[in-house]
Ligand code: SF4
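Residue numbers (our numbering): 2 to 285.
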């Protein structure tokens, strides 16, 4: 519900973030629907309804200018007002709950049998996420593949088995961490999720992140890193060091599927994971 100027600010921040991700269209909203219903959908709190029809909403966004040529992950673009865009994590409305497990359950219930974007048409199962709700380490990929779609669990195919090996090489068990994706339904032919699909589904990821609040968040591949960090930089430029997301240390690195095609890149991923291990140790 939009009740206060702060609510409008949160909605504007969400729209600005979607703009950074390349979303140029918004779901169609019937004229008889009240603005409050619109805001709850973008906050990821709508409870279903018919699939939205896209319509161009040119001019709805505040507009951005590239002030430094996109050289850094966090400062590539800023609003004309001078203030950096607010992270969607700051505006993600994780449900009030006594613990992370309950919050995740409520987020999953809110997601429901989701038809908010067109990816619902090709899925077998929604792949919400799996793992320890109190994890200190969280991994985020871009979306489910065929194996994940069938099982309803992220990273269970060949790439997932490699991710499990990476986790075990870090001295942990898969069940100790939390694993999720930017979009919860399998894109056709395993294509990269489209900006409007990411824009529709990502609020649920940010709610998951807020509920778990891991010490370190590892983004696997370009779409995950771009979504979490709100940048258009590629993974090659983003990886190798930590970025900040509301106090959470974010380490972008290559996706395990890329490592299956390019085994030589495993060395760079391991370099990144050694930094993650050190960060977790330092945090105690
Ligand atoms: S990808 Fe996300 S937003 Fe789209 S239908 Fe699936 S759960 Fe809903």
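Note that the Cβ used here is the ideal one computed from N, Cα and C, for glycine as well.
The ligand SF4 heavy atom lying under 7 Å from the CB of residue 198: Working through the chain shown from its first residue, we reach residue 198 at position 197. Result yes, Cβ under 7 Å from the ligand SF4.
Proximity of residue 249 and residue 281 at Cβ, strictly below 8 Å: The residue given as residue 249 occupies position 248 in the chain shown. The residue given as residue 281 occupies position 280 in the chain shown. No.
Given residue 209 as reference, the closest of 195, 194, 185, 223 once Cα atoms are compared: Counted from its first residue, the chain shown places residue 209 at position 208. Nearest of 195, 194, 185, 223 to residue 209, Cα basis: 185.
CA-to-CA distance, residue 189 to residue 268, given in whole angstroms: For this step, residue 268 is matched to residue 267 along the chain shown. For this step, residue 189 is matched to residue 188 along the chain shown. C-alpha separation (whole angstroms): 31 Å.
Neighbourhood of residue 180 by C-beta, 6 Å cutoff - its chain only, sequence neighbours within 5 removed: By one-based count along the chain shown, residue 180 stands at place 179. Counting only Cβ-Cβ distances below 6 Å, and skipping sequence neighbours, we find 131, 132, 140, 155, 156.
Cβ distance (whole Å) where residue 261 is taken to contact residue 159 below 8 Å: Your numbering for residue 261 matches position 260 in the chain shown. Your numbering for residue 159 matches position 158 in the chain shown. Contact flag correct, Cβ pair sits at about 6 Å.
Near the ligand SF4: residue 229 beta-carbon under 7 Å from a heavy atom: For this step, residue 229 is matched to residue 228 along the chain shown. Every heavy atom of the ligand SF4 is 7 Å or more from the Cβ of residue 229, so no.
Paired residues, beta bridge with residue 199 - DSSP: Your numbering for residue 199 matches position 198 in the chain shown. Under DSSP, no beta-bridge partner is assigned to residue 199.
Residue 183 beta carbon less than 8 Å from that of residue 212: To locate residue 212, count along the chain shown from 1; it is residue 211. To locate residue 183, count along the chain shown from 1; it is residue 182. Their beta carbons are not under 8 Å apart, which means residue 212 does not touch residue 183 by this criterion.
Rounded straight-line distance, which links the Cα of residue 205 to that of residue 148: Looking up residue 148 in the chain shown gives position 147. Looking up residue 205 in the chain shown gives position 204. So the two alpha carbons sit approximately 22 Å from each other.
Contacting residues, own chain, Cβ-Cβ under 8 Å from residue 279 (five flanking each side not counted): As a first step, residue 279 must be located in the chain shown, where it is residue number 278. Once the five neighbours on either side are set aside, residue 279 has no close Cβ partner at all.
Beta carbon of residue 99 nearer than 8 Å to that of residue 108: Sequence index remark: in the chain shown, residue 99 carries index 98 (1-based). Sequence index remark: in the chain shown, residue 108 carries index 107 (1-based). The answer is no: Cβ separation not under 8 Å.
Residue 236 vs residue 223 beta-carbon contact at 8 Å: Residue 236 sits at position 235 when you count from the first residue of the chain shown. Residue 223 sits at position 222 when you count from the first residue of the chain shown. Cβ distance < 8 Å, so residue 236 and residue 223 count as in contact.
Given residue 137 as reference, the closest of 271, 251, 144 once Cα atoms are compared: In the chain shown, residue 137 corresponds to position 136, counting from 1. Comparing alpha-carbon positions, the option among 271, 251, 144 lying closest to residue 137 turns out to be 251.
Local conformation of residue 167 per DSSP, three classes: Counting from 1 along the chain shown, the entry for residue 167 is found at position 166. Assignment of residue 167 by DSSP, reduced to helix, strand and coil, places it in the helix class.
Same chain only: Cβ atoms within 7 Å of residue 194, ignoring 5 sequence neighbours per side: The residue given as residue 194 occupies position 193 in the chain shown. Excluding residues within five positions, the ones whose Cβ falls inside 7 Å are 143, 144, 183, 184, 188, 224.
Contact test: residue 120 Cβ vs the ligand SF4 heavy atom, cutoff 7 Å: On the chain shown, residue 120 is found 119 positions in, with the first residue counted as 1. Indeed, a heavy atom of the ligand SF4 lies less than 7 Å from the Cβ.
Opening and closing residue of the alpha helix (DSSP H) in which residue 268 lies: Indexing the chain shown from 1 puts residue 268 at position 267. Per DSSP, the continuous alpha helix (DSSP H) segment holding residue 268 begins and ends at 267 to 284.
Rounded straight-line distance, which links the Cα of residue 178 to that of residue 242: In the chain shown, the residue the question calls residue 242 occupies position 241. In the chain shown, the residue the question calls residue 178 occupies position 177. Computed Cα separation, rounded: 20 Å.
Beta-carbon spacing of residue 221, residue 256 below 8 Å: As a working mapping, residue 221 is identified with position 220 in the chain shown. As a working mapping, residue 256 is identified with position 255 in the chain shown. Cβ atoms of residue 221 and residue 256: closer than 8 Å.
CB contact flag (residue 274, residue 127, <8 Å): For the purposes of this step, residue 274 is taken as the residue at position 273 of the chain shown. For the purposes of this step, residue 127 is taken as the residue at position 126 of the chain shown. Result no, Cβ atoms of residue 274 and residue 127 do not sit closer than 8 Å.
Sequence-distant residues of its chain with Cβ nearer than 6 Å to residue 31 (five each side left out): Counting from 1 along the chain shown, the entry for residue 31 is found at position 30. For residue 31, the predicted model reports a pLDDT of 42, less than 50, meaning its position is unreliable; a value from the coordinates is still stated below. Nothing meets the Cβ criterion.
Test: residue 218 CB closer than 8 Å to a CB of chain D: Judged by its chain identifiers, the structure shown contains no chain D, having just a single protein chain.
Option in 119, 163, 171, 246 with minimal Cα separation from residue 259: On the chain shown, residue 259 is found 258 positions in, with the first residue counted as 1. It is 163 whose Cα lies nearest to the Cα of residue 259.
Length of the line joining the Cα atoms of residue 284 and residue 171: Residue 284 sits at position 283 when you count from the first residue of the chain shown. Residue 171 sits at position 170 when you count from the first residue of the chain shown. Roughly 16 Å separates the two Cα atoms.
Sequence-distant residues of the same chain with beta carbon closer than 6 Å to residue 277, five excluded per side: Locating residue 277 in the chain shown gives position 276, where the first residue counts as 1. If we look at residue 277 and ignore the five residues flanking it on each side, its Cβ neighbours are 217, 252.
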